[in-house]
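In what follows, a structure is listed as structure tokens, so that the remarks can point back to it.
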Amino acid sequence: MFKGVAKSSPSRSSPSRGSPAKPSKSSTNELAVLISRMQTNADQVEKDILETQSRLKQDSSNHQKNKAFEFQTENARNLKEAETLLKDLFLDVDRAKRLRHPQAPEIEKDIQQLHDRVTQLCAEYRALYEQLNVPEVGPRVDWARILDQKMKQVNAGQYGPGMSELEKQIAEHNILQKEIEALVLNDPDFQHEDLNFLSRSQRYEQAIRKSSLMVMKLREYGIADPEEIYWFKRTCLGNYPEPLGLHFSMFHKTIETQTTAAQKEKWLPLVRGVKIIGTYAQTEMGHGTHLRGLETTATYDPSTQEFILNSPTVTSIKWWPGGLGKTSNHAIVLAQLYTQGQCKGLHAFIVPIRQLGTHEPLPGITVGDIGPKFGYDEMDNGYLKMDNFRIPRENMLMKYAQVEPDGTYVKPVSDKLTYGTMVFIRSLIVGDSARSLSRACTIAIRYSAVRHQSELKPGEPEPQILDYQTQQYKLFPLLATAYAFHFVGAYIKDTYHRISGDISTGDLTELPELHALTAGLKAFTSWTANAGIEECRMACGGHGYSRCSGIPDIYVTFTPSCTYEGENTVMMLQTARFLMKSYTQVTSGQQVTGMVSYLNDLSRQRIQPQHVAARTVTVRINDPSSLVEAYKSRAARLVESAAKNLQAELNHRRSKEDAWNRTSVDLVRASEAHCHYVIVKLFTAKLAEVGDAAVRAVLTELCLLYALFGISRNAGDFLQVSAFSRSPSLKAASLLANVLQMPGCMDVIPISSWL
Amino acid sequence: MALLEASKSWQGSAPGSVNPDLASERQTASFCVERLTALLDGGAEQTRIRRAVVDAIESDPVFSRENQYFQTQNERYEAAVRKAVHLQKKMHEMGWTENGPEYKYIYRALSGDVAFLLHRVFMRSISVLGSDKQIAKWIPLATQHKLIGSYAQTELGHVGRSATHTVVFAQLYIHGKCYGIHPFIVQIRSLQDHSLCPGITAGDIGPKMNFEHIDNGYLLLRNVRVPRENMLSKFCEVRPDGTYVRQGSQKINYFTMTTVRISLISDEVLTPLMKACTIAIRYSVVRRQSKLKPGEQEAKILDYQTQQEKLLPQLAAAYAFYFTNDYLQELFNRGYREIQRKNFDMLPELHALSSGFKAVITQHCTAGVEICLRACGGHGYSLLSGLPSLYTKILASCIYEGENTILLLQTARFLIKCFMAASAGQPVPPSVTYLAAVKHGKCPAKNKLDFLSPDIYIEAYQHVAVRLTSNTAAKLQDLIQSGVKKHDAWNQCTVQLVQAAKAHCHYIAVKNFAETVEKLETKAGIQKIMKHLCDLFALHGIFSNTGAFLHDGYTSAAQMDMVTASYLDLLAVIRKDAVPLVDAFDFTDKSLNSALGSYDGHVYQRLYEWAQRSPTNQMSPAYERYLKPLLHNTLSKL
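Printed below as a string of structure tokens:
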């Protein structure tokens, strides 16, 4: 509601009152539309503000009474909406000014006031919710620091004209991806050149150029939130890896989260200001997933108060860390700590590796590039060998464990917190799976609409290959998969943010499930996306093989995610461990909660002695929620069967480890079935949230397609649970064919919005 | 845990110093590796010849592939041309001829990294499609490399930069009437200075996932005139006055296409999978990770069931398809003899088998190589592992010489036709007679050991193949009877038709493997281990495709659990012989060109030393140009 033009109608704001310059008729129409749109938007913002005010009050009183918050989600949504609308309002008022609306300055003042109120509410929102929820591992924007920095810039006269301009800028920071994308896409410095023709060394140089520029732009735009940085980078670098990536993620984060106050004070300015460039050196040539097996040693020497770092064997050479080969001058090195003659396990140390100023390796350091890889040409993955290399005692990251000057070792209180970072990174990979697969689908589907081949009907022109059933069968399920993974990625991120709040306040009850779930979903989605990208490439025939199709690069950039941040099979087995634990709980009479709660049903069946497989579940194959039930039964059966096989091995008096190994193929299948169920469930749940009927209809088709495709691909599992009375795969396949033939199924889907 | 000191002794390459983790695997082989190698080669004499060829080529520095992974597209192309030219000299020097016993081993020894492969296709197409006169004119020129040929149907290998001549397939028009596709020899570049001829536009199509050694090109022709005699005219001729004359049967032409499909299986498809298995399995007994038992050393990753489940089925598939290839070769030799006697009866069957198996084997092997790559953890992604190049190369095979889906549909067309014929009581070719014998029984297996009986699993495979074919045939007929046009009905059945074609090929592969095992010598443990592999191949197919076998209740849920149990047991059995089984493939270290797969298992030293030689370790200008200003905060000058 505008005070200045509160009662204004299009007629009143029309130029009939004799404005200085007579606008043309078309601009009068445009103005009318503009004003009415602004009125609607402003009303909505006003409504959002009022709602939020009252809900914030209620939650604030909830908080005082130690009750749970009720409205955080709604408030976040309202504020986000208000901010988006305000951005439009600012743009519209500029337009109104250009069209010389006489009251534009007043309207602008009104919008400014709305904006101030929203900003105020945002501050209250953060004060109320985020003081509790800010996780160390995934902080939101550090407003105080940005404001400080900006104020300094303002005072020093290097930045913006004044306070209001500054506030506008800050508001913009809150508007996530789209805004960032716009920034980058309009910046000529970030225009992509043709990477396909560059050599490996040239690709590295270009990546360094872009990274360096990007750092400057990050400084310029004041982007500090890890998630925003992530989006910014995605957009700048176009999904290509960058040599400075680990500096911003692991190096920065580790120093932020695992150092003492004194260490923070020393290192953080250097890291944030990129006065030094760091990487994270964990993996060794002979050791990856099994961290305890790392061989690098850090031996404390109390006489000089130094650690002596050594790579005692070839297998202990640090291998793979990104940015290590040529870019970094520091590394966080994970090493086995020895003090007072005892090994204290793995600890992290900040190790300088190259001379500042000359970039030459320091004496005692051997460092270099590990050579050509499958993709990742931009990245200087490196090796590092240390030979009696000494660093001061203070370079050990000492927030948790400590070594005192005399060599006394002080144990950490808890080490569970490091879980958070892993969960966060794995959740990003799930999102990555969705994005990479949707990129490949976009290319393959568009190309299939353009490529003509053979004859469907004799004598007629060659049809688009997308009209062939076999081509649809290749591509459409993948498209549905991309959507499914998109929702899963969003879900994990949300859950992570919710639970990570609890982590920092010490409530870890949900952590095991989240950890187990992200491990499995990371594996499930990256495996599927990996195969899907290849399928898309092959669906493009010979041209898919050309680097210029774009798909080979998507593939080589994505495929290592099956291995990094936790090898997929190992990830699946982590999920399985959680499933087995839950199963044991259920059989011992306890209830389990969360995504595994379906296991509770198993014990109920045991009370009414009837085998799972003997149950008849009626499945309606055109109803997503009914299909969720089928997936649930399949997961339950495979979890139970793995658990029983495991028990049988144990009954053969095999050791626990041996029994586990001999059941691991079953266990992986159980995990896969569990993840598959979770994905179908989340996709189905999402449908109810979609307001737009047309979008909901097409998403429902995709959800069905995703679920049915999974059933036809794993028909055996579903047949074994008798979830279908008769010939399910045939039925599924024929329905699949019907879904595929839905007219216009493809036209509605805004694939391009994902790019 | 190899000490750095040990790596120095490795540099001196003391012979026989094998990583103990790998050496121990070889001491427990249940069979004689050398005899298995001879079996695969087709006799000890063949093994001897092959080794001599490999040795001659690998000891020649011009053919070295050591720097291959460091090379740019241009460098690889140049190296490939250099090798191709040098090969002529080498063959002359060694007394190898195109008809000699050594010839077929040359390509394998070069690992395919040589230019002018399409020059041979060019020559072959002239020999097959040309008249005697044309053959007499062009073949000597091509043999002596007076010209460099290509073959321009779709993939224009060598048109990019090398070729002077190409066989172009074009629609023939005479007096305004179109006579369809015909082959023409077209000169595209000057023989003097290699410049493009008038009216020709040609160039390189740019970067690909692999095949940098081949200059795949594009070609545009504008009013390019060739003499009438340049139309290859074995089957059709255009007379000087424009009269179009057909002569002889074109069927032989199809036979050539079919032969090409089969000939690529061995070198382009099986070899990469066998190499990938060798690399991944050897690495998996050197790599140790986590502990299987507390207090013990970290376990070899091949001791993990999940790792076995990734790699051993690929190994079994490599053997299975190796024998399938033998079967196809034999069938084709017989077909060729028949065709020479003007009997074309076998052609449809040969065409169906070559199409189907080309698709099934390339798809299976491509997936297999990727599994091997991913089973090697991070190091698999290093080009120095050798696996990425094997993968990017083999995956092209799913597309060239016929896109796989299209080929499977051709096989399906044959199956449907034969099924109809068989149902009507008419005779059908031997490979599909089983379609007539539809049985409606149930799988008779009573315990998990029953599934180690070839009769049981062959019958299960047969049942699935018959069911998929007959169901799809019924659906097709229903659709047509309900008024759907034939081509629409066909399109609506294609997903299921593809499944039927795959099931048919899978059935034949399993059956042929079992029959091959039957005929093997029982001595030296070879038959026994091959039987295990055959069982694994068959049960893996059921295990990973349970739906097809459970679908109509032929196999019960309980029987499926028996399959799983037997299958997992087999993994543990074959695990013990995994290294000897890949050793028997007999790849030299130079041909593997892999830091992970070498015979001596000194994985980490090799990787470390090789990486240090990477050109990326030369000083990069990026530091002075970008990083230094960034660190000193003066980047705005950029």
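Sequence order for the protein chains is X and U. Oh and the first sequence: position 523 is 523 in this note's numbering, straight run, nothing missing. Oh and the second sequence: position 351 is 1351 in this note's numbering, straight run, nothing missing. For glycine and all other residues, C-beta sits at the position ideal for the given N, C-alpha and C.
- Close partners of Y545(X) in chain U (Cβ separation under 7 Å): K1208, M1209, A1396 and I1399.
- In the three-state DSSP reduction, W1610(U) falls in the helix class (H, G or I).
- For D1455(U), there is no enclosing beta strand (DSSP E); the residue is found in the alpha helix (DSSP H) stretching over P1454 to Q1481.
- Checking the DSSP bridge columns, you'll see C343(X) partnered with Y338(X).
- Note: M1231(U) is bridge-paired with F1184(U) in the DSSP secondary-structure output.
- Burial check for G1441(U): the Cβ neighbour count within 10 Å stays below 16, so the residue is exposed.
- Legend: CB atoms of the stretch 415-449 of chain X lying less than 9 Å from CB atoms of chain U are not found in any residue.
- Here M1619(U) is exposed, its C-beta having fewer than 16 other C-beta atoms within 10 Å.
- Per the coordinates, the alpha-carbon of T1201(U) lies some 49 Å from the alpha-carbon of E565(X).
- Less than 8 Å separates the beta-carbon of K1393(U) from that of P1272(U).
- Annotation: L1312(U) to F1513(U) spans about 16 Å, alpha carbon to alpha carbon.
- One alpha carbon belongs to G407(X), the other to S316(X), and they sit about 24 Å apart.
- Comparing alpha-carbon positions, the option among L1315(U), H1504(U), N1333(U) and A1474(U) lying closest to D1535(U) turns out to be L1315(U).
- Close partners of G1425(U) in chain X (Cβ separation under 8 Å) are lacking, with about 28 Å as the shortest Cβ gap.
- Pairing S597(X) with Y583(X), the inter-Cα distance amounts to about 10 Å.
- Ranked by Cα distance from L1302(U), the first of A1029(U), R1613(U), S1030(U) and L1571(U) is L1571(U).
- Looking from the CA of I365(X), the closest CA among I711(X), H359(X), M386(X) and K318(X) belongs to M386(X).
- Distance from the Cα of C1493(U) is smallest, within the candidate group E1515(U), C1505(U), L1468(U) and A1509(U), for L1468(U).
- Each residue's CA atom was taken as its position, placing L198(X) and P1621(U) some 15 Å apart.
- At least one beta carbon of chain X lies nearer than 8 Å to the beta carbon of F1070(U).
- Within the same chain, A673, H674 and Y677 come within 6 Å of A635(X) by CB-CB distance, once the 5 residues on both sides are set aside.
- One alpha carbon belongs to V1033(U), the other to V488(X), and they sit about 50 Å apart.
- Within the model, the alpha-carbon separation for L99(X) versus R37(X) is close to 15 Å.
- Boundaries of the beta strand (DSSP E) around T1201(U): I1200 to D1204.
- The Cβ of W320(X) sits closer than 8 Å to at least one Cβ of chain U.
- When DSSP states are grouped into helix, strand and coil, E565(X) belongs to the coil group.
- For the pair L324(X) and N381(X), the CB atoms are nearer than the 8 Å cut-off.
- In the structure shown, T1522(U) falls within a coil segment according to DSSP collapsed to helix, strand and coil.
- Using a CB distance below 7 Å, no part of the stretch 1445-1468 of chain U faces chain X.
- Counting only residues of its own chain and dropping the five nearest sequence neighbours on each side, K97(X) has a CB closer than 7 Å to the CB of A104.
- In this structure, the straight-line span from the alpha carbon of K80(X) to that of F709(X) is close to 36 Å.
- Contact annotation: the stretch 1598-1612 of chain U does not touch the stretch 1328-1335 of chain U, with fewer than three C-beta pairs closer than 8 Å.
- Each of D1450(U), Q1426(U), A1396(U) and A1548(U) was checked against the Cα of N1210(U), and the nearest Cα belongs to A1396(U).
- Here the stretch 1582-1591 of chain U lies against the stretch 1057-1073 of chain U, with 3 or more beta-carbon pairs under 8 Å apart.
- Against S249(X), chain U offers no close residue; the least beta-carbon distance is about 18 Å (beta-carbon pairs closer than 9 Å).
- Just so you know, the alpha carbons of E242(X) and R1282(U) end up roughly 33 Å apart.
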